[in-house]
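Numbering (the working numbering), first residue to last: 1 to 205. We put the beta carbon where it would ideally sit given N, CA and C, even for glycine. All values reported here derive from a predicted model rather than from experimental measurement.
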Ligand SMILES: [Zn+2]
């Protein structure tokens, strides 16, 4: 018994903005379900689900984004969120700037080579900032173990009052029952049950 072949379907959802994707499925109902999940929408949001035979030969997918761009689809630039089209990049204020050349890297679409370079540089800086935060916490609190770190943006920044922490590390220390937090530019937050232990270990004169 042979399996049913996968066929291409174009799924459109209607939310605050219209989005589409191509999915591969054996029937329309599963295509609708797959499309909704890929577009982060619910079943009821799916406006249209149509066969798209022109893409059948890309099964099981995905259809390369540069193929879709050349077919008139638009994407959000992975670096700057401007709208990328094959014939140009539409900037936020609605004016159309002439396209250098869009760049497709795996499933990421960038408006220009420069934007991709900026994106990669800021990603590298973010990774470096995370490493610096880990080192800072491990130095400040000897014996501590980092659970996870979050750095928003590309450098360590103290949070402004009223806003969430921009650079934060979650860690444990010997004997602690819960996770402690270190907010860059602010200080350590330790749960009540671990407070005494934390103070005797790290705050003793
Ligand atoms: Zn861009």
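- Pairing residue 61 with residue 54, the inter-Cα distance amounts to about 13 Å.
- For residue 139, the three-state secondary structure derived from DSSP is helix.
- Under the three-state reduction of DSSP output, residue 11 falls in the strand class.
- Membership of residue 30 in the alpha helix (DSSP H) is indicated by the continuous run 28-38.
- As DSSP reads the structure, residue 189 sits in a beta bridge with 181.
- In this structure, 141 is the residue among 151, 88, 153 and 141 with its C-alpha nearest to the C-alpha of residue 189.
- Fewer than three Cβ pairs drawn from the stretch 70-90 and the stretch 27-45 lie within less than 8 Å of each other, which leaves the two stretches out of contact.
- For residue 63, there is no enclosing alpha helix (DSSP H), since its DSSP letter is neither H nor E.
- In the DSSP assignment, residue 111 falls outside any beta strand (DSSP E) and carries neither an H nor an E.
- In the displayed model, residue 21 falls within a strand according to three-state DSSP.
- Under the three-pair Cβ rule at 8 Å, the stretch 122-131 does not count as touching the stretch 101-111.
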